[in-house]
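Report on the structure given below.
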Amino acid sequence: MSFEDKTIIITGGAKGIGAGCAEIFYRQNGNVVVLDLDEETGQAFCNDLGDRARFIKCDVSRKQQVKQAIGQVVSAFGGVDVLVNNAGILQYSKVTDTSEEDWDRILDVNVKGAFLCAKYAIPHMVAGGSGIVVNMSSVQAFVTQTNVAPYVTSKSALIGLTRSIAVDYAPEVRSVAICPGGVDTPLNRAAFQQSPNPSKVRQETIDLHLVERMAQPGDIGELVAFVASDKGSFINGQPIRIDGGMGIKIAGSKTD
Ligand SMILES: NC(=O)c1ccc[n+]([C@@H]2O[C@H](COP(=O)([O-])OP(=O)(O)OC[C@H]3O[C@@H](n4cnc5c(N)ncnc54)[C@H](O)[C@@H]3O)[C@@H](O)[C@H]2O)c1
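In terms of the UniProt record's numbering, the sequence shown has 246 at position 246, counting the first letter as 1, and numbering is strictly consecutive.
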């Protein structure tokens, strides 16, 4: 796989899964642009990657910031070939204890952010004759733990957005949703810390996976790069689970 002369935008790429994706696209000679709120971490990460990596501070839920950031990418690199809508936030709550503000915040980042980035990137893909929008969903779009209602709603919505982009912009633009199980990232580590016994919850999370580990960000990045490459060119409009067997393990245990 080579992404030479290709430009890849990765939202939320300063750390975690997005950084794992950025490293792999960079290693395969792509021009990598990280859009993230976390300027300090994102700038340092891109400096470490090398001179084909750029950081742009951007809140993906804000239209003007997204529009401006994608304009900057096109001015610098001439187009957009791959958009990885990866920025996402998680909060533990059920419907009845989710405030309207929290609901809006989670849906704004996780769903509206993906919509806005796609809205401003797709015209450049169409103009360039090809492109792909990869939306970072979750295995939770299919099998759902308790107490994460707004997050699960947002991750399920991304699968619909993926289908819509695929049918509306074919054949030039493809779209694929990636649905990871547990990934060892700052998001998950922060979630474990919210429990009274973080190491127990971490182990319980590991135990949910048939492969007896969580994914590393690079595991997800390898799949994203494959799907975005010419080798993945027949994959379109679909969610792809990469969950270490978590989904079937949970589904199986419920029918025991
Ligand atoms: N970690 C997991 O187990 C897991 C599993 C399935 C899906 N996912 C999804 O993968 C994606 C990445 O998760 P992660 O675990 O790497 O998270 P993370 O918290 O480790 O990293 C997310 C990055 O997104 C950035 N970000 C947050 N809000 C933003 C905004 N409004 N605009 C721009 N950037 C913003 C953060 O600054 C951070 O750098 C998320 O969409 C998440 O829902 C994660």
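Here a beta-carbon is modelled for each residue, glycine too, at the ideal position from N, C-alpha and C.
- Here the alpha carbon of P217 sits roughly 19 angstroms from the alpha carbon of G247.
- Comparing C-alpha distances from V73 to each of R202, T7, G50 and Q91 shows the shortest one belongs to T7.
- At least one heavy atom of ligand 1 lies closer than 7 angstroms to the C-beta of P180.
- Residue range P217 to A228 is occupied by the alpha helix (DSSP H) that includes V224.
- According to the DSSP assignment, K57 belongs to the beta strand (DSSP E) that extends over A53 to K57.
- For L210, the CB stays at least 7 angstroms from every heavy atom of ligand 1.
- In the pairwise beta carbon analysis, the stretch 32-42 is classified as touching the stretch 55-67: at least three pairs are separated by under 8 angstroms.
- For K15 and G42, the gap between their C-alpha atoms comes out near 7 angstroms.
- Sequence-distant Cβ neighbours of G129 in its own chain, meaning closer than 8 angstroms and more than five residues away, are E172.
- If you draw a 10 Å sphere on the C-beta of S137, you find 16 or more other C-beta atoms in it, and that means buried.
- Taken through DSSP and simplified to helix, strand or coil, I235 comes out as coil.
- Just so you know, the alpha carbons of N236 and A191 end up roughly 32 angstroms apart.
- The straight-line gap separating the alpha-carbon atoms of D51 and F25 is approximately 13 angstroms.
- For the set N188, S199 and I165, the Cα lying nearest the Cα of V126 is the one of I165.
- Runs of the alpha helix (DSSP H) spanning 4 or more residues and lying entirely within the stretch 59-129 occur at 63-77, 100-107 and 113-128, in chain order.
- Here Q140 is buried: its Cβ has 16 or more other Cβ atoms, across all protein chains shown, within 10 Å.
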